[in-house]
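Below is one structure, written out as structure tokens, with a few remarks after it.
Structure follows, in structure tokens:
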């Protein structure tokens, strides 16, 4: 580091340190006006549990004043301390130049970490562009860690008695107790939250209808690999080995899940279907029915975490004439590989990631494939364009620090970030998009030019990260028709409005999934589904709806998203459940602060 670099780092450190000191003085004095005055007029404060016991974002002076007035009295924040690593540094986030600093602090119930970004106001005074405060631990209920390794009977030699394996096998059966938490779904979401809960001493049972741990990936189509790079996708506590490839194949990930369950000592029932549950408000417990290898059992957990992903039940559209079609019809979730269709014809309806991958897989086996586009699709190259969304993870920081920084971006700046990235994609992928448009493939960058990532955040689909199928479409090696040009399906295939027939022996419906709310309706009933409302997509306050936080239905939680989102937010979900278990909070969503009720929508 040069002398000039050292001077700049020292200056940046002093700016951040003085801001945190002023913020601590304002909150200690219970002075919301003084705290809000430390922000730019359009600054943002995102809190994850530390002050609000919720995921909340407050934007602008009026909201900040009201929010601090509602929270600081009970929270008693103190001990704001800059982290030495990474040192405060100049960054450009969301197109804004600022000094970024990570810090730690204490509250009345635990400890937290945060991210501060400071930029000069019109007078040259350092003001917060954004502030994140996030709860990390509960005092007296800290996670298992190196200095708090478990001891006790299960880990002793037990000469003449049950050893560790005997006790693990017995514990998994739950013959002598009820789980505090029932986790429905054994993919990355279920494993992440179960591992977090175990580290907090909360008894959790994972159930999954698949026959083998990891089958939710293992049984997907043959050619599947992750579309984002490995360093974004680690599971909690146990990162992937350094020898693993940049893009992880599905079967490698599935096998890792199996090993992860053993390493983390997660209680897991395979071949177990969650039938449904009713809540006893007086007892504060669920009566949950599961069907394990055909035998029903009733469990009475205090919490149920639905960890079945962003998607719910496969969406099967009502296509005129589909009942007349003489060939095979399956949803993309049931597609494995195309060896049976060599030399035959196939229609793939849908142009998201799954639709493209299925079409490319069928083509590779020698099938004649035609894709059917129902709506405009966001397309970008998987490398390098799509990877820029996670460029933070290439900055050389540890994963935990990257996770904290990623969580610190409030919705308005997130939109701005993805608009900037989409503009880069528009430039870098111009030739690819022009080629697709030339053969009639309709493309877009989202309704507000935010690209594929916000499509995922808002609806869970509507985009394709190109790994070669786009070139096959451009070169007409994979055909393309528009759904609007189809009259109806007939026994031989799709009859077009001009009377011609596109032949097909197979139709794959890559048509996505119905909302999670419909899965709730099927398993918990209309009253619970209507009480909770939509799951996923953003609410008017700029937070994802009903995931990773308390809902309007006591004791019902949702955990979903990418591997990165699951890793980041499983911690906060587990902390909330632990806080319920020890009596710090109630297991139902708190009321929306008046500062947000009165505020205009940011979405």
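Numbering (this note's numbering), first residue to last: 11 to 613.
C-beta atoms are modelled at their ideal positions from N, C-alpha and C, and glycine is treated no differently.
Secondary structure, beta strand (DSSP E): runs of 3+ residues fully inside the stretch 475 to 550
489 to 492, 496 to 500, 503 to 506, 511 to 513 and 516 to 519
Tell me whether residue 579 sits in a helix, a strand or coil according to DSSP, three-state version.
Residue numbering aside, residue 579 sits at position 569 when the chain shown is read from its first letter. Of the three classes helix, strand and coil, the one that applies to residue 579 here is helix, per DSSP.
Which two residues bound the contiguous beta strand (DSSP E) that contains residue 286?
Along the chain shown, one-based indexing puts residue 286 at 276. Its beta strand (DSSP E) spans residues 282 to 290.
Between which two residues does the alpha helix (DSSP H) holding residue 373 run?
Stepping through the chain shown from its first residue, residue 373 is reached at position 363. Unbroken alpha helix (DSSP H) run through residue 373: 363 to 374.
Skipping 5 residues on each side, what residues in its chain have a beta carbon closer than 6 angstroms to that of residue 561?
In the chain shown, residue 561 corresponds to position 551, counting from 1. Closer than 6 angstroms at Cβ, skipping near neighbours: 542 and 599.
One question on the structure: do residue 144 and residue 603 come within less than 9 angstroms of each other, judged by their Cβ atoms?
Reading the chain shown from its first residue, position 134 is the one you call residue 144. Reading the chain shown from its first residue, position 593 is the one you call residue 603. No. Outside cutoff.
Assess, as a yes-or-no matter, whether the stretch 508 to 527 is touched by the stretch 336 to 356 under the definition of 3 or more beta carbon pairs within less than 8 angstroms.
yes
Find the nearest neighbour of residue 244 within the set 199, 286 and 174, judged by alpha-carbon distance.
Working through the chain shown from its first residue, we reach residue 244 at position 234. For residue 244, the nearest C-alpha among the options comes from 199.
Residue 466 and residue 342: beta carbons closer than 9 angstroms?
Numbered from its first residue, the chain shown carries residue 466 at position 456. Numbered from its first residue, the chain shown carries residue 342 at position 332. For residue 466 and residue 342, no; Cβs fall outside 9 angstroms.
3 or more residues per run - each beta strand (DSSP E) lying fully within the stretch 333 to 414
Counting only runs of at least 3 residues, the stretch 333 to 414 fully encloses the following beta strand (DSSP E) elements, listed from N- to C-terminal order: 338 to 341, 355 to 359, 378 to 383 and 388 to 391.
Given a cut-off of 9 angstroms, decide if residue 579 and residue 546 are closer than it, judged by their beta-carbon atoms.
Indexing the chain shown from 1 puts residue 546 at position 536. Indexing the chain shown from 1 puts residue 579 at position 569. Contact flag unset, no.
Spatial neighbours of residue 399 within its chain, please: C-beta separation below 6 angstroms, excluding the five flanking residues on both sides.
Here residue 399 corresponds to residue number 389 of the chain shown, with the count starting at 1. For residue 399, where only same-chain residues beyond five positions count, the Cβ hits under 6 angstroms are 463.
Buried or exposed, going by whether 16 or more other CB atoms sit within 10 Å of the CB of residue 428?
Stepping through the chain shown from its first residue, residue 428 is reached at position 418. So residue 428 counts as buried.
For residue 230, name the three-state secondary structure that DSSP assigns.
Your numbering for residue 230 matches position 220 in the chain shown. Residue 230 falls in the coil class under three-state DSSP.
Less than 9 angstroms separating the beta-carbons of residue 504 and residue 362?
On the chain shown, residue 504 is found 494 positions in, with the first residue counted as 1. On the chain shown, residue 362 is found 352 positions in, with the first residue counted as 1. Not a contact, by the Cβ cut-off of 9 angstroms.
Looking at residue 32: is its Cβ nearer than 9 angstroms to the Cβ of residue 48?
As a working note, residue 32 is residue 22 in the chain shown. As a working note, residue 48 is residue 38 in the chain shown. Yes; because the gap between Cβ atoms is below 9 angstroms, this pair is in contact.
Presumed contact (8 angstroms Cβ cut-off) between residue 382 and residue 488, rounded CB distance
As a first step, residue 382 must be located in the chain shown, where it is residue number 372. As a first step, residue 488 must be located in the chain shown, where it is residue number 478. Not confirmed; about 11 angstroms, so no contact.
Tell me which residue opens and which closes the alpha helix (DSSP H) that residue 425 is part of.
For the purposes of this step, residue 425 is identified with residue 415 of the chain shown, where counting begins at 1. Element bounds for residue 425: 421 to 438.
Kindly list the residues whose CB is nearer than 6 angstroms to the CB of residue 147, restricted to its own chain and excluding five residues on each side of it in sequence; keep chain order.
Translated into positions along the chain shown, residue 147 becomes position 137. For residue 147, where only same-chain residues beyond five positions count, the Cβ hits under 6 angstroms are 120 and 121.
According to DSSP, is residue 174 part of a helix, a strand, or is it coil?
Here residue 174 refers to the residue found at position 164 of the chain shown. The answer is helix: DSSP assigns residue 174 an H, G or I state.
Please state the DSSP three-state secondary structure of residue 209.
Position 199 of the chain shown, counted from the start, is the residue given in the question as residue 209. Three-state result, residue 209: helix.
Could you name the residues that DSSP lists as bridge partners for residue 140?
For this step, residue 140 is matched to residue 130 along the chain shown. Residue 140 pairs with 54 and 127.
Classification of residue 388 by the beta-carbon crowding that lies within 10 angstroms, buried from 16 upward
Locating residue 388 in the chain shown gives position 378, where the first residue counts as 1. Residue 388 comes out buried.
Within its chain, find whatever has a CB closer than 6 angstroms to the CB of residue 549; leave out the 5 residues flanking it on each side and keep chain order.
One-based indexing of the chain shown puts residue 549 at position 539. These residues qualify, in order along the chain: 555.
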